[in-house]
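Structure record follows, encoded as structure tokens.
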Amino acid sequence: MRRASYVAPLLLIAVGVLFLARNLYPDLPLLDYTAKYWPVVLIAWGGLRVLEILVWAATSKPLPHSGVSGGEWVLIVFLCLFGMSLHTVRGVSNWWSEVFPFGGIEMLGERYDYPLAGEHAASAAPHIVIEDFRGDAHISGGDGSTVKVTGHKTVRSLDQAQADRVSDETPLEIAGDANNVTVNLHQEKAGGPLRISATLEISVPKGASVEVHGRNGDLAVNDITGSVSITSNNAGVQLKNIGGEAHLDLRRSDLIHMEAVRGAVDIKGRGSDIELDEMGGAVTVNGAYRGMIQLHHLAKPLRFTGPQTELNLEGVPGDIRMTLGDFTATGVAGPTRLSGRSRDVQIADFTGPLDVTVERGDLTLSTDKLPLSRIQAHSRSGDIRLSLPETAQFALNASTHNGDVANEFGAPLKTEKDRHRSSLRGSVGSGPAIEIETDRGQILLQKSGGQKNGPPKSEPPKNVLPKTGATPPLQKLEQ
Amino acid sequence: LLKAIRGPLLMVTLGILFMLDYSGGISFARTWPVLLIVFGLLKLGEYLGARNA
Numbered sequence: 003m004r005r006a007s008y009v010a011p012l013l014l015i016a017v018g019v020l021f022l023a024r025n026l027y028p029d030l031p032l033l034d035y036t037a038k039y040w041p042v043v044l045i046a047w048g049g050l051r052v053l054e055i056l057v058w059a060a061t062s063k064p065l066p067h068s069g070v071s072g073g074e075w076v077l078i079v080f081l082c083l084f085g086m087s088l089h090t091v092r093g094v095s096n097w098w099s100e101v102f103p104f105g106g107i108e109m110l111g112e113r114y115d116y117p118l119a120g121e122h123a124a125s126a127a128p129h130i131v132i133e134d135f136r137g138d139a140h141i142s143g144g145d146g147s148t149v150k151v152t153g154h155k156t157v158r159s160l161d162q163a164q165a166d167r168v169s170d171e172t173p174l175e176i177a178g179d180a181n182n183v184t185v186n187l188h189q190e191k192a193g194g195p196l197r198i199s200a201t202l203e204i205s206v207p208k209g210a211s212v213e214v215h216g217r218n219g220d221l222a223v224n225d226i227t228g229s230v231s232i233t234s235n236n237a238g239v240q241l242k243n244i245g246g247e248a249h250l251d252l253r254r255s256d257l258i259h260m261e262a263v264r265g266a267v268d269i270k271g272r273g274s275d276i277e278l279d280e281m282g283g284a285v286t287v288n289g290a291y292r293g294m295i296q297l298h299h300l301a302k303p304l305r306f307t308g309p310q311t312e313l314n315l316e317g318v319p320g321d322i323r324m325t326l327g328d329f330t331a332t333g334v335a336g337p338t339r340l341s342g343r344s345r346d347v348q349i350a351d352f353t354g355p356l357d358v359t360v361e362r363g364d365l366t367l368s369t370d371k372l373p374l375s376r377i378q379a380h381s382r383s384g385d386i387r388l389s390l391p392e393t394a395q396f397a398l399n400a401s402t403h404n405g406d407v408a409n410e411f412g413a414p415l416k417t418e419k420d421r422h423r424s425s426l427r428g429s430v431g432s433g434p435a436i437e438i439e440t441d442r443g444q445i446l447l448q449k450s451g452g453q454k455n456g457p458p459k460s461e462p463p464k465n466v467l468p469k470t471g472a473t474p475p476l477q478k479l480e481q
Numbered sequence: 018l019l020k021a022i023r024g025p026l027l028m029v030t031l032g033i034l035f036m037l038d039y040s041g042g043i044s045f046a047r048t049w050p051v052l053l054i055v056f057g058l059l060k061l062g063e064y065l066g067a068r069n070a
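In order, the protein sequence lines correspond to chains H and L.
Numbering of the first sequence is given in the numbering used here, commencing with residue 3 and proceeding in unit increments.
Numbering of the second sequence is given in the numbering used here, commencing with residue 18 and proceeding in unit increments.
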């Protein structure tokens with residue numbers, strides 16, 4: 003008879019934990035993790051089974067005829083097929099090479115460096131294309147009228163002769179006419195397991211537009227008045243002082259940093275962090291970014307579409323910081339529309355209409371700007387706290403299906419309580435509609451003290467929200 | 018014993034090869050013969066073990 007194994011129950015527990023994590027933290031990119039780490043299941047499964055058999059052998063228990071049964075092999079084949087297809091579909095990043103800066107064949111052999119240098123005459127505003135690039139490049143605009151490339155390429159090889167041969171096969175070529183310059187290192191010609199990477203400094207005329215098609219590596223572009231277009235499988239991108247538009251299409255990226263880009267910005271792909279500062283044009287972000295997203299001073303509208311977050315607004319005079327679990331904004335110009343699955347939201351100093359919907363999370367909204375516009379805030383599960391100037395005028399309709407309401411605006415607003423449900427309704431002066439609704443959580447309507455032309459106050463109001471930073475927990479509301 | 022752990026060891030090897038592939042190091046298309054080698058080595062160990070026994 004076949005001995006019962008511990009492996010199956012352990013795998014079952016692991017699957018259970020995964021699904022539980024998915025339910026508790028819907029923003030966890032579990033599908034990406036699965037696509038990346040599914041071979042770990044094979045390793046763990048096999049490793050546990052080996053251990054188990056070794057323990058049985060050491061304790062002189064009878065060993066099974068074979069360590070993996072026919073049925074299990076079928077399961078393994080299905081697992082491999084499933085994992086491989088998921089990996090292909092998701093096109094996920096390799097965490098491994100981030101942990102260890104080497105991988106596979108690159109561990110073998112030695113580094114051979116070859117210097118690179120080249121120059122090409124160009125017009126005042128040329129279009130520069132860098133083809134099929136692997137490595138790091140820094141492109142900067144200057145006063146000259148040439149495209150000048152310096153740097154080195156690195157070949158990993160077992161011997162010098164092979165490295166030399168590969169280096170000869172992959173020359174630096176700068177071609178084209180004065181208006182269209184193409185830089186090509188022919189790195190794709192290095193066949194077999196050999197990898198060639200290059201580090202380039204490229205200086206271009208100030209008026210240049212730059213187009214890079216990269217495989218992997220970091221790209222920095224600064225001080226040009228033309229546009230920038232980058233496509234890459236894996237890149238970190240830094241742009242600074244760009245006069246034209248910027249289009250990025252990156253299958254994955256660890257950091258996208260842009261500073262002072264005057265044209266429209268369009269970012270597509272998946273990756274980790276995004277930092278945008280002083281953007282002059284409209285910004286469109288479409289993709290899965292799991293790290294910290296920081297936006298400062300966007301003059302034009304922002305359209306952000308992620309797998310679980312949608313954000314549209316007309317401008318960001320202040321800052322926005324976004325992670326998977328939090329959204330903090332100070333100074334946004336509406337109409338602002340934010341919808342997300344599970345995150346705590348804090349928005350301060352907003353102007354224009356505001357519409358926030360999250361499935362799970364606390365909402366903290368505050369403004370001291372008058373007049374108010376329409377405000378809508380919905381959370382399926384979470385507290386909602388709204389701070390308005392003392393002199394604000396509005397028509398409120400706030401309700402919680404399971405929780406309490408607290409009101410600092412006094413008599414014009416009526417509190418009703420029916421078993422678990424509470425509501426706060428009424429008008430303060432005549433103003434725009436404010437709708438607040440949560441299925442489970444408290445609602446708190448506060449006075450903020452920011453209105454400068456309001457009546458003088460004898461003492462500062464209580465519970466004023468800090469403008470930035472962490473919010474103190476909502477005070478306990480007694481029935 | 019070798020016969021019993023042959024399957025699990027092959028599974029571990031398979032997993033490691035896929036991990037190597039995803040790490041961008043070296044593709045599975047090139048490393049798959051490692052599976053044959055591991056299988057062969059285990060078989061060899063089995064025969065040697067049986068002869069010595």
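C-beta atoms are modelled at their ideal positions from N, C-alpha and C, and glycine is treated no differently.
Hey, could you find the ends of the beta strand (DSSP E) G273 (chain H) is sitting in? Segment 267-281, the beta strand (DSSP E) holding G273 (chain H).
For chain L, find out if any of its Cβ atoms is closer than 9 Å to the Cβ of L44 (chain H); answer yes or no. Yes - at least one Cβ of chain L is within 9 Å of the one on L44 (chain H).
Kindly identify the DSSP beta-bridge partner or partners of Y291 (chain H). Listed as beta-bridge partners of Y291 (chain H) by DSSP are H:G273.
State yes or no: is the C-beta of I204 (chain H) within less than 9 Å of the C-beta of I258 (chain H)? With respect to I258 (chain H), I204 (chain H) sits apart: the two C-beta atoms are not nearer than 9 Å.
Just to confirm, is the Cβ distance from S389 (chain H) to T440 (chain H) under 9 Å? In this structure, S389 (chain H) keeps its C-beta atom at 9 Å or more from the C-beta atom of T440 (chain H).
Taking 9 Å as the threshold (beta carbon to beta carbon), is S68 (chain H) in contact with chain L? Yes, its Cβ sits closer than 9 Å to a Cβ of chain L.
Report the rounded CA-to-CA distance for G336 (chain H) versus L326 (chain H), giving the unit in angstroms. Cα to Cα, the separation comes out at about 23 Å.
Taking the alpha helix (DSSP H) that Y39 (chain H) belongs to, which residues open and close that run? For Y39 (chain H), the enclosing alpha helix (DSSP H) stretches over residues 32-60.
What residues in its chain sit with their C-beta under 6 Å from that of L340 (chain H), if we drop five residues either side in the sequence? Excluding its 5 nearest sequence neighbours in each direction, L340 (chain H) has C-beta neighbours in its own chain below 6 Å: L313, V358, listed in chain order.
Please work out which residues of its chain come closer than 7 Å, Cβ to Cβ, to N181 (chain H), disregarding the five sequence neighbours upstream and downstream, and give them in chain order. Closer than 7 Å at Cβ, skipping near neighbours: S125, P128, H129.
Smallest Cα separation from P495 (chain H): which of H:P173, H:V70, H:L81, H:V430? In this structure chain H extends from 3 to 481, so residue 495 (chain H) is not present and cannot be described.
What residues from the stretch 23-41 of chain L come within 7 Å of chain C, judged by C-beta to C-beta, listed N to C? The question asks about chain C, but that chain is absent: this structure's protein chains are H and L.
Would you kindly check if the distance between the Cβ of A290 (chain H) and the Cβ of R272 (chain H) is under 9 Å? Pairing R272 (chain H) with A290 (chain H) gives a Cβ-Cβ distance under 9 Å.
Which word fits Q348 (chain H), buried or exposed, when buried means at least 16 other C-beta atoms lie within 10 angstroms of its C-beta? So Q348 (chain H) counts as buried.
Would A262 (chain H) and A284 (chain H) qualify as a contact pair, given that the criterion is a beta-carbon distance under 9 Å? No, Cβ-Cβ distance for A262 (chain H) and A284 (chain H) is not below 9 Å.
Could you pull the start and end residues of the beta strand (DSSP E) that S450 (chain H) belongs to? From DSSP, the beta strand (DSSP E) with S450 (chain H) extends over 445-450.
Boundaries (first-last residue) of the beta strand (DSSP E) holding E437 (chain H): Residue range 435-442 is occupied by the beta strand (DSSP E) that includes E437 (chain H).
Cβ-based neighbour list, R442 (chain H), same chain, cut-off 6 Å, excluding 5 preceding and 5 following: So the qualifying residues of the chain are S383, N404.
Among the residues of its own chain, which have a CB less than 6 Å from the CB of H422 (chain H), if the five just before and after it don't count? Same-chain partners within the cutoff: N404.
Would the beta-carbon of L37 (chain L) fall within 9 Å of that of L52 (chain L)? L37 (chain L) places its beta carbon 9 Å or farther from that of L52 (chain L).
What in chain L is Cβ-close to V52 (chain H), meaning under 8 Å? Contact of V52 (chain H) with chain L by beta-carbon distance below 8 Å involves I22, P25, L26, V29.
Can you tell me which of the three DSSP states P391 (chain H) falls into? Strand, per DSSP.
Excluding five sequence neighbours on each side, which residues of the same chain lie with their C-beta closer than 8 Å to the C-beta of L31 (chain L)? Taken in chain order, the residues that qualify are L52.
Please list, in chain order, the chain L residues whose beta carbon lies closer than 8 Å to that of G49 (chain H). What G49 (chain H) touches in chain L, judged by beta-carbon distance under 8 Å, is P25, V29, going in chain order.
Checking contacts by CB at 9 Å: is W41 (chain H) closer than that to chain L? With the sequence shown as reference, residue 41 (chain H) is identified as Pro, and Trp is not the correct amino acid for it. With 9 Å as the cut-off, P41 (chain H) counts as an interface residue toward chain L.
Can a CB atom of chain L be found closer than 9 Å to the CB of K63 (chain H)? Under the Cβ distance rule, K63 (chain H) does not count among the residues neighbouring chain L, no pair being separated by less than 9 Å.
Check whether chain L comes within 9 Å of E112 (chain H), counting only Cβ atoms and requiring the distance to be less than that. No, because no Cβ of chain L sits closer than 9 Å to the Cβ of E112 (chain H).
Look at A1 (chain H) and L374 (chain H) and say whether their C-beta atoms are less than 9 Å apart. No answer is possible for residue 1 (chain H): it lies beyond the span of chain H, which begins at 3 and ends at 481.
Use the C-beta contact count for K38 (chain H): other C-beta atoms within 10 angstroms, 16 or more gives buried, fewer gives exposed. Under this definition K38 (chain H) is a buried residue.
Taking a Cβ distance cut-off of 9 Å, strictly less, list which residues of the stretch 387-418 of chain H are near chain L, in chain order. Those would be none; no residue qualifies.
Quick one: complete alpha helix (DSSP H) runs, 4+ long, within the stretch 326-368 of chain H? Correct list: empty.
Suppose you measure from the CA of V151 (chain H) to the CA of D145 (chain H); what does that come to, to the nearest Å? If you draw a straight line from the Cα of V151 (chain H) to the Cα of D145 (chain H), it comes to about 15 Å.
What are the boundary residues of the alpha helix (DSSP H) that includes D170 (chain H)? Looking at the DSSP string, the run of the alpha helix (DSSP H) that includes D170 (chain H) is 162-171.
For S99 (chain H), three-class secondary structure by DSSP: Note that S99 (chain H) has pLDDT 42, beneath the 50 cutoff, so the model's placement of it is unreliable and no number is given.
Mapping DSSP to helix, strand and coil, what is T90 (chain H)? In the structure shown, T90 (chain H) sits in a helix (DSSP, three-state: H, G or I).
Could you check whether the Cβ of L56 (chain H) sits closer than 9 Å to any Cβ belonging to chain L? Taking 9 Å as the threshold, the shortest C-beta distance from L56 (chain H) to chain L falls below it.
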